[in-house]
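Asks: My questions will all concern the structure given below.
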Amino acid sequence: MDSTFKLHAFELGRCQTNAYVVEVPANDRQTSVSACWVVDPGESPEPLLNFLRDRGLKAEAILLTHAHADHIAGVDQVRAMFPKIPVLAHALEHEWFQDPQLNLSLFLGEPVSVSTPTGTLAHAQKISLGGIQFQVLHTPGHSPGSVTLHCASEKFAIVGDTLFQNSIGRSDFPGSDPDVLMQSIKDVLMTLPGDTAIYPGHGPSTTIDKERRSNPFLR
Numbered sequence: 028m029d030s031t032f033k034l035h036a037f038e039l040g041r042c043q044t045n046a047y048v049v050e051v052p053a054n055d056r057q058t059s060v061s062a063c064w065v066v067d068p069g070e071s072p073e074p075l076l077n078f079l080r081d082r083g084l085k086a087e088a089i090l091l092t093h094a095h096a097d098h099i100a101g102v103d104q105v106r107a108m109f110p111k112i113p114v115l116a117h118a119l120e121h122e123w124f125q126d127p128q129l130n131l132s133l134f135l136g137e138p139v140s141v142s143t144p145t146g147t148l149a150h151a152q153k154i155s156l157g158g159i160q161f162q163v164l165h166t167p168g169h170s171p172g173s174v175t176l177h178c179a180s181e182k183f184a185i186v187g188d189t190l191f192q193n194s195i196g197r198s199d200f201p202g203s204d205p206d207v208l209m210q211s212i213k214d215v216l217m218t219l220p221g222d223t224a225i226y227p228g229h230g231p232s233t234t235i236d237k238e239r240r241s242n243p244f245l246r
């Protein structure tokens with residue numbers, strides 16, 4: 028990954044969900060303030076919020092890989108720091124943000140309802156941060172609106188709960204589909220270059236090549 032580009036991970040909440048801050052330092056943007064995206068701010072996001080505050084980062088968007096509660100619970104706390112920040116998620120899951128049954132927070136015993144997204148993420152959509160381009164890949168299966176954020180130039184992808192190190196996402200939730208999940212992994216993620224770093228919603232990072240070789244679910 029380029030030295031001018033930084034990805035910071037935070038393990039949040041009971042589900043140990045990985046939230047990410049994608050940062051383009053100020054010296055790469057000819058400005059005095061570093062810009063960032065916040066990806067999947069889950070419950071108990073204080074470490075992430077403190078990081079943003081301490082580094083003086085300007086969050087330009089909240090991006091959600093999907094709308095299960097452990098990935099969205101901290102959305103409103105980030106919005107409180109940045110009141111006009113766009114919140115982007117796949118259109119199929121916008122209603123989940125205020126529905127504890129759909130976002131599975133009833134299953135966790137603490138209903139979660141947060142602000143509805145202000146915009147959408149759609150397959151093949153191009154988005155950029157500080158001149159660095161990402162492509163949105165629709166990777167349903169774990170949930171109908173799951174997306175991957177792929178940055179070809181920096182050789183990494185944030186994949187939510189679709190793929191993990193030596194494992195794959197659960198497909199036994201309402202709205203999940205095991206066949207669609209495998210299709211997303213094999214037809215979308217496994218077509219990425221082998222040296223692409225994979226940053227999942229839980230657990231350690233991995234690469235496409237490592238998962239091709241060792242993931243028992245892909246044999």
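Residues 28 to 246 (this note's numbering) make up the sequence shown, in order.
For each residue, glycine too, the CB sits at the ideal point set by N, CA and C.
Report buried or exposed for alanine 62, applying the criterion of at least 16 other Cβ atoms within 10 angstroms of its Cβ.
Replies: Burial call: buried.
Asks: Do aspartate 188 and glycine 136 count as a contact pair if the criterion is CB distance below 8 angstroms?
Replies: No; because the gap between Cβ atoms is not below 8 angstroms, this pair is not in contact.
Asks: Using a Cβ-Cβ cut-off of 6 angstroms (strictly less than) and excluding sequence neighbours within five positions of glycine 158, which residues of its own chain qualify?
Replies: Excluding sequence neighbours, glycine 158 sits near nothing in its chain.
Asks: How about asparagine 97 and glycine 69: are their beta carbons less than 8 angstroms apart?
Replies: The residue you asked about is not asparagine; residue 97 is aspartate in the sequence shown. Cβ distance < 8 angstroms, so aspartate 97 and glycine 69 count as in contact.
Asks: Going by Cα to Cα distance, which pick from Asp204, Val65, Leu190 is closest to asparagine 234?
Replies: Note that residue 234 is threonine in the sequence shown here, rather than asparagine. Closest by alpha carbon: Leu190.
Asks: Return yes when the C-beta of glutamate 38 is under 7 angstroms from any heavy atom of the ligand GTP, and no when it is not.
Replies: Inclusion of the ligand GTP in the displayed structure is not the case, the ligand content being empty and no account of it being possible.
Asks: Look at the alpha carbon of threonine 175 and the alpha carbon of threonine 92, and state the distance between them as a whole number of angstroms.
Replies: Going by the C-alpha atoms only, they are around 6 angstroms apart.
Asks: Take the Cβ of valine 60 as the centre, count every other Cβ of all protein chains shown within 10 Å, and call the residue buried at 16 or more, exposed below.
Replies: Exposed is the call here.
Asks: Going by CA-CA distance only, name the one from Tyr47, Asn242, Phe32, Arg80 that's closest to methionine 209.
Replies: Comparing Cα positions, the closest option is Asn242.
Asks: To the nearest angstrom, how far is the alpha carbon of phenylalanine 200 from that of isoleucine 112?
Replies: Straight-line Cα distance between these residues: approximately 30 angstroms.
Asks: Taking DSSP's pairing of strands, which residues face tryptophan 64 in a bridge?
Replies: According to DSSP, which records beta bridges pairwise, tryptophan 64 is partnered with Val49, Ala88.
Asks: On the three-state DSSP scale, how would you describe glutamine 104?
Replies: In the structure shown, glutamine 104 sits in a helix (DSSP, three-state: H, G or I).
Asks: Keeping to the same chain, check which residues put their C-beta closer than 7 angstroms to that of serine 291; ignore five residues upstream and five downstream.
Replies: There is simply no residue 291 to check, as the chain begins at 28 and stops at 246 in what is shown.
Asks: So is glutamate 50 buried or exposed if we call it buried at 16+ other beta carbons inside 10 Å?
Replies: That one is buried.
Asks: Report all residues from its chain with a CB closer than 8 angstroms to the CB of proline 74; omit the five preceding and five following residues, and keep chain order.
Replies: If we look at proline 74 and ignore the five residues flanking it on each side, its Cβ neighbours are Phe37, Leu39.
Asks: Label proline 72 either buried or exposed according to how many other C-beta atoms from any shown protein chain fall within 10 Å of its C-beta, with 16 as the threshold for buried.
Replies: Result: buried.
Asks: Taking its Cβ as the centre, do 16 or more other Cβ atoms sit within 10 Å of proline 144, making it buried, or is it exposed?
Replies: Proline 144 comes out buried.
Asks: Any beta-carbon of chain B closer than 8 angstroms to the one on glutamate 50?
Replies: Within the model displayed, chain B is absent; a lone protein chain is all it includes.
Asks: Leaving aside the five residues before and after leucine 84 along the sequence, list all residues of the same chain whose C-beta is less than 6 angstroms from its C-beta, in chain order.
Replies: Closer than 6 angstroms at Cβ, skipping near neighbours: Ser61, Cys63.
Asks: Quick one, which of Ile212, Ala184, Val65, Thr31 has its alpha-carbon nearest methionine 108's?
Replies: Residue Val65 is the option with its Cα nearest to methionine 108.
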